[in-house]
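A.B. asks:
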Amino acid sequence: MIRVWGRPNSINVQKVMWTIAELDLAHERIDAGGAFGGLDTPEYGRLNPNRKIPVIRDGETVVWESNAIVRYLAAAYGAGSLWPEPPATRAEADRWMDWQLTELAPLLRPIFWGLVRTPADERDPSAIDRAARAIGPVWRILDDHLADRPFVGGDRLTMGDIPVGCAYWRYRNLEVPRPELPHLERWFARLAERPGYRAHVMLPLS
Ligand SMILES: N[C@@H](CCC(=O)N[C@@H](CS)C(=O)NCC(=O)O)C(=O)O
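All you need for the working numbering is the position in the sequence shown, starting with 1, plus 323.
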C-alpha cells in the first residue's frame with residue numbers, strides 16, 4: 324500500500340496520483356498542505372525536510388520531489404510501460420520531465436498564481452502578461468516535438484507525458500492569449516481519454 328501526502332489541487336500531487344492510476348496501484352492519499360496544513364509537524368519534517376507536498380511512502384521507502392516520485396513509481400511498477408526500458412527512449416521521456424520543471428514551471432507559476440490564487444485587486448497584470456507572452460514559444464517546442472508522434476516518448480504513454488500533461492491542463496484553462504498548438508491539442512485529446520488523467524488532473528483550477 325502506497326501512502327501519498329498532498330492535496331488534490333496541487334499540480335505536483337496530480338502528477339503522482341495520475342501515475343498511481345495508470346499503474347493501478349493500491350494506495351491511500353492523506354490531505355496535506357494548503358488549507359489542510361499538517362506540513363509543520365516534526366513527523367512531517369522527517370518525511371520531507373522541505374515541508375512540501377507531495378511525499379510518498381512505499382514500505383520503507385520515502386520519496387519527495389514530484390518528478391522523482393513519478394520516476395520511482397514508473398521504475399518500480401511500470402517497467403516497459405511508463406518506464407521505457409531502452410535508455411534512449413527513457414532519456415526522451417526523462418528530458419521532458421526536466422523540461423517541465425526548468426523551462427515551463429517558472430513561467431506557468433506566475434500566471435497560475437496571478438490569475439487563480441491571487442485576489443483580483445492584488446494581481447500584477449504586467450508580470451502575468453510578461454509570463455504569458457514568454458510561455459507560448461516554450462510550449463511551441465513541445466508542440467513541434469509532438470508533430471510526428473502520439474506521445475512525448477513515442478508510440479505510447481510514458482512517464483514523460485505526466486508532468487507536461489498536468490501543466491498543459493492548467494495552461495489551456497488559464498485566460499491568457501495562447502498560440503495555435505495543434506499537436507498539443509491532439510495529444511491532449513489522447514490524454515483526456517485516460518481515466519486517471521480525467522480523475523486527477525482535469526479538475527477545476529483552484
Ligand atoms: N519541486 C517540488 C515542489 C513542491 C511544492 O512546491 N509543493 C507545493 C504544492 S504544489 C507545496 O507544498 N506548497 C505548500 C502547501 O501546499 O502548503 C516538487 O515537484 O515536488
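The C-beta atom is built at its ideal place from N, Cα and C for all residues, glycine as well.
Taking any heavy atom of ligand 1 as the mark, which residues have a C-beta closer than 5 Å to it, listed down the chain?
C.D. replies: Residues flagged by the Cβ proximity filter: Ser-333, Asn-335, Gly-356, Gly-357, Lys-375, Ile-376, Glu-388, Ser-389.
A.B. asks: Give the secondary structure of Ile-353 by DSSP, where H, G and I count as helix, E and B as strand, and everything else as coil.
C.D. replies: Taking the first residue of the sequence shown as 1, we reach residue 353 at position 30. Three-state DSSP puts Ile-353 in a strand.
A.B. asks: How many Å lie between Arg-440 and Leu-405 at the Cα?
C.D. replies: Taking the first residue of the sequence shown as 1, we reach residue 440 at position 117. Taking the first residue of the sequence shown as 1, we reach residue 405 at position 82. C-alpha separation (whole angstroms): 32 Å.
A.B. asks: Quick one: measure Cβ to Cβ for Arg-330 and Gly-356, integer angstroms, because I've assumed they're closer than 8 Å.
C.D. replies: In the sequence shown, residue 330 corresponds to position 7, counting from 1. In the sequence shown, residue 356 corresponds to position 33, counting from 1. Rounded, the Cβ-Cβ distance is 5 Å, consistent with contact.
A.B. asks: Could you tell me the distance, in whole angstroms, from the CA atom of Pro-505 to the CA atom of Asp-466?
C.D. replies: Locating residue 505 in the sequence shown gives position 182, counting from the first residue. Locating residue 466 in the sequence shown gives position 143, counting from the first residue. Rounded to whole angstroms, Pro-505 to Asp-466 spans 7 Å at the Cα level.
A.B. asks: What is the DSSP secondary structure of Gly-584, counted as helix, strand or coil?
C.D. replies: Within the shown structure, residues of the chain are numbered from 324 to 529, placing residue 584 beyond reach of any answer.
A.B. asks: Taking the continuous alpha helix (DSSP H) assigned at Arg-380, which residues delimit it?
C.D. replies: For the purposes of this step, residue 380 is identified with residue 57 of the sequence shown, where counting begins at 1. Element bounds for Arg-380: not the alpha helix (DSSP H) but the beta strand (DSSP E), 378-381.
A.B. asks: Which residue spans inside the stretch 475-499 form an unbroken alpha helix (DSSP H) run of at least 4?
C.D. replies: Counting whole runs of 4 or more residues, the stretch 475-499 contains the alpha helix (DSSP H) stretches 484-495.
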